[in-house]
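Peer 1: Once you've had a glance at the structure underneath, I'll fire off some questions.
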Amino acid sequence: LGHLGRRDEGGRHGAAAQLPPPKFSNVHEATAYKLHEEGKKLEDRLLEGRAPIWRQLDAAHASSLQLLRLDGQLQGLKAERDYLERHGQLPPPGTPLYPNAAA
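Structure representation (C-alpha cells):
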C-alpha cells in the first residue's frame, strides 16, 4: 500500500486488467500473485472509501464551526441581557418583545 498516492486518474483498470492470470511454476508464485491481486482490490476499496469519509469529516467540521458561532452569539446575548439588567433597562418578565405585534 506504499503507492497509494501515485495513481493516475484512470486508476489501475485498463486493458491489463482484462488479461488472464499468468501461468505459475509453483504454488508459492500462484499464492503471491493471488495475494497481490487481493491487495490491489483492497487498496481500490480503500481509495473509493476515502471520498465519502472526507465529505463526512468536512460536514462534521462545518457543524462544529456553526455550533461555535451560535455559542458565541448566545454568550453575546447573555452578556447584553446581564448589562441591561444591571442598568435597570430590562423590561419586566413576561413583557412581549414586540408590543405592537400582540395587538
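Letter 89 of the sequence shown, counting from 1, is numbered 91 in the numbering used here, and no numbers are missing. Ideal Cβ placement from N, Cα and C applies to all residues, glycine included.
With distance defined between alpha-carbon atoms, name the residue in Val29, Glu39, Pro95 nearest to Leu21.
Peer 2: Among Val29, Glu39, Pro95, the Cα nearest to that of Leu21 is on Glu39.
Peer 1: Can you give the Cα-Cα distance for Leu79 and His89, rounded to whole angstroms?
Peer 2: Each residue's Cα considered, the two are about 15 Å apart.
Peer 1: Would Ala92 pass as a contact of Leu99 if the rule is Cβ separation under 7 Å?
Peer 2: Here the sequence assigns Leu to residue 92, which means Ala is not the residue at that position. Not in contact: Leu92 and Leu99 (Cβ atoms no closer than 7 Å).
Peer 1: Taking the C-alpha atoms as reference points, what is the distance between Glu50 and His30?
Peer 2: Distance between the alpha carbons of Glu50 and His30: 30 Å.
Peer 1: DSSP state of Leu92, grouped into three classes?
Peer 2: Looking at Leu92 - three-state DSSP - the assignment turns out to be coil, as it is neither helix nor strand.
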